[in-house]
Amino acid sequence: MIEFDNCKSVVNRIMQAYKVKKAKELAEIWGISASVIASRILRNSLPYDFVLKCFMDTNANLIWLCTGVGNPGVEGVKIENNSINLSSEDLEKLERIAALKKDGAITDDEYILLKNSIFNK
Numbered sequence: 006m007i008e009f010d011n012c013k014s015v016v017n018r019i020m021q022a023y024k025v026k027k028a029k030e031l032a033e034i035w036g037i038s039a040s041v042i043a044s045r046i047l048r049n050s051l052p053y054d055f056v057l058k059c060f061m062d063t064n065a066n067l068i069w070l071c072t073g074v075g076n077p078g079v080e081g082v083k084i085e086n087n088s089i090n091l092s093s094e095d096l097e098k099l100e101r102i103a104a105l106k107k108d109g110a111i112t113d114d115e116y117i118l119l120k121n122s123i124f125n126k
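Structure representation (structure tokens):
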């Protein structure tokens, strides 16, 4: 099973993918308030919508964004030695589930169940 990292680490990797040093710079890129990012970090709520936006904008590796493991897929970002192998089908499922959660089509509990079904094969 994949262990997702804490929100602050995820946001730090998102900033690495965008090649920015501060959350304020990231907020400016996205056209949001820096307080939106800060509140996610304080709640330690994994920002799936941020992860997907970063993936779509930078083509960063989703697993690396969420866990810090594997190849970032972004030029100039340090590569760690560990890796996780997931099929492209599993990654597509994760993206669809995250989109459903973001749109409010599924509850948090349903999201967790669906996500765990991907990683607990």
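Under my numbering, the first residue of the sequence shown carries the number 6, and numbering increases by one thereafter. Ideal placement from N, C-alpha and C gives every residue a C-beta, glycine not left out. Computed from a prediction, not measured in an experiment: that's the story for all the values here.
Alpha-carbon spacing of residue i relative to residue j, whole angstroms
i	j	result
A43	K29	9 Å
L105	K24	28 Å
G36	L67	22 Å
D113	P52	13 Å
S93	L119	16 Å
Spatially closest choice to residue i from the options, by CA coordinates
i	options	result
N76	N11, Q21, E100, N121	Q21
K98	A110, G109, S122	S122
K107	R18, K26, W69, K58	K58
Residue i in three-state terms, based on DSSP
i	result
D108	coil
E100	helix
K13	helix
K29	helix
A22	helix
N49	coil
E115	helix
E8	coil
Residue i beta carbon near the ligand ZN (any heavy atom closer than 7 Å)
i	result
D95	Ligands displayed in this structure: none; no statement on the ligand ZN is therefore possible.
Residue-chain proximity (residue i, chain D), Cβ-Cβ < 8 Å
i	result
L99	In the displayed structure, chain D is absent; only one protein chain is listed.
Sequence-distant residues of its chain with Cβ nearer than 7 Å to residue i (five each side left out)
i	result
D10	C71, T72, G73
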